[in-house]
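Note sheet for the following structure.
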Amino acid sequence: MSNYDDLRSKEEQLMRMNQELEQQRRALKEDYMKFKNKDSNYEDDNYDENLDYDENEFNDVYKDDSDQEQDQGLQQQKYDSSEDEDFNNDVAIQQMVNQVRNIKSAEQNRNNEQPIKYDDKKQEILEQELIVDEQKKILRMQSLKVEALKQELDNLIQQNKMKENLIQEIEQKGKNIQDQTKKYNAQIVNLNEKYEQFRQKLQETQQKTKASEKENLVITKEIESVKKEYRKIDAEANKKDIGINRTIEQIQKLKLEQQKNKLTNNDKQSDLSLNIDQFKKDNQRIEQQITESLQALKKQLKLIDILKRQRIHIIAARMFQFIESDFAKTTDISNKIQY
Numbered sequence: 071m072s073n074y075d076d077l078r079s080k081e082e083q084l085m086r087m088n089q090e091l092e093q094q095r096r097a098l099k100e101d102y103m104k105f106k107n108k109d110s111n112y113e114d115d116n117y118d119e120n121l122d123y124d125e126n127e128f129n130d131v132y133k134d135d136s137d138q139e140q141d142q143g144l145q146q147q148k149y150d151s152s153e154d155e156d157f158n159n160d161v162a163i164q165q166m167v168n169q170v171r172n173i174k175s176a177e178q179n180r181n182n183e184q185p186i187k188y189d190d191k192k193q194e195i196l197e198q199e200l201i202v203d204e205q206k207k208i209l210r211m212q213s214l215k216v217e218a219l220k221q222e223l224d225n226l227i228q229q230n231k232m233k234e235n236l237i238q239e240i241e242q243k244g245k246n247i248q249d250q251t252k253k254y255n256a257q258i259v260n261l262n263e264k265y266e267q268f269r270q271k272l273q274e275t276q277q278k279t280k281a282s283e284k285e286n287l288v289i290t291k292e293i294e295s296v297k298k299e300y301r302k303i304d305a306e307a308n309k310k311d312i313g314i315n316r317t318i319e320q321i322q323k324l325k326l327e328q329q330k331n332k333l334t335n336n337d338k339q340s341d342l343s344l345n346i347d348q349f350k351k352d353n354q355r356i357e358q359q360i361t362e363s364l365q366a367l368k369k370q371l372k373l374i375d376i377l378k379r380q381r382i383h384i385i386a387a388r389m390f391q392f393i394e395s396d397f398a399k400t401t402d403i404s405n406k407i408q409y
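Position in the sequence shown (first residue = 1) + 70 = the working numbering.
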């Protein structure tokens with residue numbers, strides 16, 4: 071608002087100077103009219119008829135000249151730049167101040183001097199008229215400057231209005247941004263809540279996976295022990311199969327021998343019956359081993375069921391890992407939204 075204050079001060083200064091010049095003009099006019107009324111019967115060869123007019127003619131001439139020069143000044147103003155106007159404004163103000171001072175000093179000298187002759191008085195009036203004409207020109211110029219300053223003031227007021235409108239638009243944009251930030255903050259709060267839920271689920275799944283890992287270790291140990299037992303049983307079964315095959319071969323051999331020696335040696339029949347009893351005992355023992363192998367197979371089937379359950383646990387752990395990767399993606403999205 072410094073330009074506005076400067077313009078206001080210049081305008082007030084010009085108004086004061088215009089008032090002083092107007093008072094000076096009126097004083098000169100009054101002196102002229104007094105002198106004219108006092109010496110109305112005086113005539114001279116150098117008498118100027120243009121000076122012999124009454125107060126109305128004086129005002130009419132002053133008004134016509136002021137209007138013409140004001141029109142010329144308005145046309146001149148259209149071609150002047152803003153910098154030249156400011157410079158001429160300051161120069162004109164200084165000239166006007168100097169002329170007012172000269173007029174005041176001339177009045178003081180005139181009051182101090184002795185009565186002068188009519189020709190000297192006439193010459194003084196002419197000089198004062200010239201000064202008045204100059205002052206009228208200065209007044210017209212200053213009035214034009216005042217109009218220019220008023221126009222500049224109006225432009226500044228219009229610019230201030232535009233700036234106020236821009237400030238209002240910026241404030242509205244700021245309110246919109248605040249509303250958007252509130253929405254984003256609400257979304258961030260929701261994401262944080264979801265993050266906490268996922269984190270709790272992740273902790274639960276981690277605890278479950280740890281428990282399942284412990285169970286897996288126990289089950290793997292059991293599986294290893296069962297495998298060892300199965301290997302032992304398998305080895306024993308193989309040995310028993312070999313023994314059974316051998317006994318069968320021996321039985322077949324004995325049957326052949328029995329058929330050969332049945333007719334020739336009845337004494338040996340009792341020995342064969344004893345061998346048959348021994349073979350029956352061996353068969354019972356072999357059948358018992360077979361039942362034991364069947365029981366081992368049942369245990370193996372149970373282990374297979376346990377392994378199937380273990381596989382289900384492993385698949386569930388993989389699913390939890392997949393959920394954990396999705397949770398990491400959601401946390402990355404929430405971090406991007408926050409920044």
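Glycine included, every Cβ here is placed at the ideal spot set by N, Cα and C.
- Contact between Glu-299 and Ala-366 holds: their C-beta atoms lie close to 7 Å from each other, under 8 Å.
- Here Arg-210 is buried, its C-beta having at least 16 other C-beta atoms within 10 Å.
- Its Cα nearest to that of Glu-92, the residue Ile-201 stands out among Glu-197, Ser-79, Ile-201.
- Under the 10 Å beta carbon count, Gln-212 is surrounded by 16 or more other beta carbons and is classified as buried.
- Taken atom to atom, the span from the alpha-carbon of Thr-275 to that of Tyr-254 is near 31 Å.
- The closest CA to that of Asn-286, considering only Gly-244, Ile-384, Glu-100, is found on Ile-384.
- Listed in chain order, the alpha helix (DSSP H) elements of length 4 or more contained wholly in the segment 183 to 263 amount to none.
- By the beta-carbon neighbour count (other beta carbons within 10 angstroms, threshold 16), Gln-198 is buried.
- Distance from the CA of Gln-229 to the CA of Gln-221, rounded to the nearest whole angstrom, comes to 12 Å.
- Less than 8 Å divides the Cβ of Gln-380 from the Cβ of Ile-289.
- In summary, Ile-208 is buried, with 16 or more beta-carbon neighbours lying within 10 Å of its beta-carbon over all protein chains present.
- The Cβ atoms of Ile-312 and Leu-377 do not sit closer than 8 Å to each other.
- Within a 10 Å sphere around the beta-carbon of Met-87 sit 16 or more other beta-carbons, which makes this residue buried.
- Less than 8 Å divides the Cβ of Leu-84 from the Cβ of Lys-215.
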